[in-house]
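Asker: So that we are looking at the same thing, I have put the structure below in structure tokens.
There are 2 protein chains.
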Amino acid sequence: MVNEMDKIKQFIASYIEISEEELEGLLPKFSIRKYNKKAIIHFYGEICKYLYFVDKGILRVFFIDEHGDEKTFHFALKNTIATDYESFLKQIPSNYTIQVIEEATLIQISLETVQYIYRNLRHGEKLGRLLAEEYIFIFTKKTNAIYTKTPMQRYQSFKKLFPDVFHQIPQHYIASYLHITPVHLSRLISQTNKSKKS
Amino acid sequence: MVNEMDKIKQFIASYIEISEEELEGLLPKFSIRKYNKKAIIHFYGEICKYLYFVDKGILRVFFIDEHGDEKTFHFALKNTIATDYESFLKQIPSNYTIQVIEEATLIQISLETVQYIYRNLRHGEKLGRLLAEEYIFIFTKKTNAIYTKTPMQRYQSFKKLFPDVFHQIPQHYIASYLHITPVHLSRLISQTNKSKKS
DNA sequence: AATATCTCTTAACATTTGTTATCGAAGTAT
DNA sequence: ATACTTCGATAACAAATGTTAAGAGATATT
Chain A
10 MVNEMDKIKQ FIASYIEISE EELEGLLPKF SIRKYNKKAI IHFYGEICKY LYFVDKGILR
70 VFFIDEHGDE KTFHFALKNT IATDYESFLK QIPSNYTIQV IEEATLIQIS LETVQYIYRN
130 LRHGEKLGRL LAEEYIFIFT KKTNAIYTKT PMQRYQSFKK LFPDVFHQIP QHYIASYLHI
190 TPVHLSRLIS QTNKSKKS
Chain B
10 MVNEMDKIKQ FIASYIEISE EELEGLLPKF SIRKYNKKAI IHFYGEICKY LYFVDKGILR
70 VFFIDEHGDE KTFHFALKNT IATDYESFLK QIPSNYTIQV IEEATLIQIS LETVQYIYRN
130 LRHGEKLGRL LAEEYIFIFT KKTNAIYTKT PMQRYQSFKK LFPDVFHQIP QHYIASYLHI
190 TPVHLSRLIS QTNKSKKS
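Here it is as structure tokens:
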């Protein structure tokens, strides 16, 4: 317990100045939960109740398209946050589902707590702004990659960006993240391996 | 002049409470500029100096891929803001170029002014947070569309979303925005027209 | 242990999308 | 006005990606 709280303390302190008193008021509002592999922590159709800070493990955010296929939108790794921002902030039903891929320890942060942060921390609004901005940077890069890169290039960058993750995640999740079919991803991988040998 | 300032006043007031005194301190910091069609207001490689509020006209944000082709990343319409968020906020060189497509009146906001907003407006940080969050909503939808939709579906939604804009913008800009070639967009359009007649 | 289910690979084939080239129309500059 | 670009439509062809199906391993379930 202490351990997880230390980590989120550090996480917050890396964005804003925060006093011990402020932390004392805030930390008890966080709840820590452990989830097993494959657990679904948020269902589409429901309002996204929490902002999740990933202390340990990997989450997958996906949605279901009109053919019923799951499309992975995002992988949330250690020390990052995951949520359906719009559903969570506006309290509207979400189109996304969030699932645990690797046994995870999460810190759940409710909207009330987020609002508490905005109202009661000296730099609460700033924390919200900085986190939102960082999210923008990540997603701009991601969108940009889809525009600029071929599937092969996207596959290569994914491998570089998430070297260890690559072997922990079912391959077809990665395929949908890269916006290609599992069959085609398999083809790209075998192409890569062939050219390595020659 | 007064007119444009009124509009940005309303724009800000739609996000946060702001007093007359605060506005009096802030508005003089904004500068208004008119640009002709095709004017380039920010070059890639340079630091993005301003956050632009579009009072009138249309902007196009694009980048140049490895083959030298321009890829349109975003169209900024009336009453929205445009910038390379990361370049502007971190003061690092930008990969994007911003061009005027339809004769535009812009309010230029420097980073100093943004920082002035954060430091001196009672709800300055909140304004920054809300704008960043809105940006996230827009871009999440956009990214989502690229994942879920076929080029034909994306073309159809684009037409619905920007009905008037559609005929004002050169078609090949739209093609790169939709992530297809101009030739293919032309094909999709003619397919649509054929099926309408039958 | 046996069975069922899921995952990845591979192949053959279908479809979509990209590429190149040509033409005419419209816009821009001289 | 005249020439020069740019733009969009179209066609023929090429390449990339999707689809379907079959089989082999792995994993989970009974």
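Chains as they are written, first to last, in the working numbering: chain A, 10 to 207; chain B, 10 to 207. C-beta atoms are modelled at their ideal positions from N, C-alpha and C, and glycine is treated no differently. Nothing here was measured: the structure is a model prediction, and the numbers come from that model.
1. Going by DSSP, which residues form a beta bridge with K42/B?
2. Using the beta-carbon of each residue, which ones in chain B are nearer than 7 angstroms to F97/A?
3. Closer than 8 angstroms by C-beta to E26/B: which residues in its own chain qualify, once you throw out the five before and the five after it? Chain order, please.
4. Below 9 angstroms on C-beta distance, what does K151/B contact in chain A?
5. Please state the DSSP three-state secondary structure of L130/B.
6. Distance cutoff 8 angstroms, beta carbons only. Does Y24/B sit that close to anything in chain A?
7. May I ask you to report which of helix, strand or coil DSSP gives L60/A?
8. With DSSP collapsed to three states, give me the class of E26/B.
9. Counting Cβ pairs, one atom from each stretch, are 3 or more of them under 8 angstroms apart for the region 185 to 195 of chain A and the region 151 to 169 of chain A?
10. Using a Cβ-Cβ cut-off of 8 angstroms, state whether K169/A counts as contacting chain B.
11. Assuming A85/A is part of the beta strand (DSSP E), what are its boundary residues?
12. Looking at the secondary structure, which residues open and close the alpha helix (DSSP H) in which H51/B lies?
13. So, does the region 72 to 80 of chain B touch the region 112 to 126 of chain B, judging by three or more C-beta pairs under 8 angstroms?
14. Answer with buried or exposed for S207/B, where buried requires no fewer than 16 other C-beta atoms within 10 angstroms of its C-beta.
15. When DSSP labels each residue in this structure, what does T201/A get in the three-state scheme?
16. Rounded to the nearest angstrom, how far is the Cβ of E7/B from that of T114/B, given a contact under 8 angstroms?
17. Would you report the Cα separation of Q108/B and E29/A, rounded to the nearest angstrom?
18. Do we get a CB-CB distance below 8 angstroms when we pair F146/A with the residues of chain B?
19. Spatial neighbours of E111/A within its chain, please: C-beta separation below 7 angstroms, excluding the five flanking residues on both sides.
20. Please list the partners that G137/A has in chain B, where partner means a Cβ-to-Cβ separation under 7 angstroms.
21. Which residues does DSSP list as the beta-bridge partners of E106/B?
22. State the DSSP-derived secondary structure class of K18/A, mapped to helix, strand or coil.
23. Between K18/A, K99/A, Y24/A and I49/A, which lies nearest to G34/A when the distance is taken from Cα to Cα?
24. Residues in its own chain within less than 6 angstroms of K135/B by CB, not counting five upstream and five downstream?
25. For V192/B, does the count of other Cβ atoms within 10 angstroms reach 16, so buried, or fall short, so exposed?
26. By the 10 Å Cβ neighbour count, where 16 or more other Cβ atoms means buried, how is A91/B classified, buried or exposed?
27. Helix or strand or just coil, what does DSSP make of G66/B?
28. Applying the criterion that 16 or more other CB atoms from any shown protein chain within 10 Å of the CB defines a buried residue, is S96/A buried or exposed?
29. Is DSSP giving I240/A helix, strand or coil here?
30. If we define contact as Cβ-Cβ less than 8 angstroms, is E121/B a contact residue for chain A?
31. Answer yes or no: does any C-beta atom of chain B fall closer than 8 angstroms to that of E134/A?
32. Can you check whether the CB of I118/A is closer than 8 angstroms to the CB of L60/A?
33. Spatial neighbours of Y127/B within its chain, please: C-beta separation below 8 angstroms, excluding the five flanking residues on both sides.
34. Spatial neighbours of E79/B within its chain, please: C-beta separation below 7 angstroms, excluding the five flanking residues on both sides.
Answerer: Short version:
1. In the sequence as displayed, the identity of residue 42/B is Arg instead of Lys. Bridge partners of R42/B: L115/B.
2. Identification of chain B residues near F97/A by a Cβ-Cβ cut-off of 7 angstroms yields none; the smallest Cβ-Cβ distance measures about 10 angstroms.
3. If the five residues before and after E26/B are omitted, its C-beta is found closer than 8 angstroms to the C-beta atoms of R131 and H132, all from its own chain and listed in chain order.
4. Chain A residues near K151/B: T152.
5. In the three-state scheme derived from DSSP, where H, G and I count as helix and E and B as strand, L130/B is classed as coil.
6. Chain A contact via Cβ: absent.
7. L60/A: strand per DSSP, three-state reduction.
8. The answer is coil: DSSP assigns E26/B none of H, G, I, E or B.
9. The region 185 to 195 of chain A is in contact with the region 151 to 169 of chain A.
10. Judged by the 8 angstroms Cβ criterion, K169/A is not in contact with chain B.
11. Start and end: E79 to A85.
12. Counting along the chain, H51/B falls outside any alpha helix (DSSP H), though it belongs to the beta strand (DSSP E) covering I49 to H51.
13. Counting Cβ pairs under 8 angstroms, fewer than three are found: no touch.
14. Confidence at S207/B is low in this model, with a pLDDT of 45, below 50, so its placement is unreliable and the value that follows should be read with caution. By the neighbour-count rule (16 or more Cβ atoms within 10 Å), S207/B is not buried but exposed.
15. Helix.
16. There is simply no residue 7/B to check, as chain B begins at 10 and stops at 207 in what is shown.
17. Distance between the alpha carbons of Q108/B and E29/A: 48 angstroms.
18. So yes, F146/A belongs to the interface.
19. Sequence-distant partners of E111/A (beyond 5 residues in either direction) whose C-beta falls short of 7 angstroms from its own C-beta, in its chain, are K46, G66, I67 and Q177.
20. Chain B residues near G137/A: R138.
21. Correcting the residue identity first, residue 106/B is Thr in this sequence and not Glu. T106/B is bridged by DSSP to F71/B.
22. Note: K18/A maps to helix in three-state DSSP.
23. Comparing Cα-Cα distances from G34/A to each of K18/A, K99/A, Y24/A and I49/A, the minimum goes to K18/A.
24. Around K135/B: I25.
25. When all chains shown are included, V192/B counts as exposed.
26. The residue in question, A91/B, is buried, as its Cβ has 16 or more Cβ neighbours within 10 Å.
27. G66/B: strand per DSSP, three-state reduction.
28. S96/A sits buried, since 16 or more C-beta atoms from the chains shown fall within 10 Å of its C-beta.
29. An answer regarding residue 240/A cannot be provided, because it is not within the stretch 10 to 207 covered by chain A.
30. The beta-carbon of E121/B is placed no less than 8 angstroms from the nearest beta-carbon of chain A.
31. For E134/A, at least one C-beta of chain B is nearer than 8 angstroms to its own C-beta.
32. Inclusion of L60/A and I118/A in the CB contact set at 8 angstroms is warranted, their separation being smaller than that value.
33. Taking Y127/B as the centre and dropping the five residues before and after it, the same chain places the C-beta of G133, E134 and G137 closer than 8 angstroms to its C-beta, in chain order.
34. Correct list, in chain order: F71, I73 and S185.
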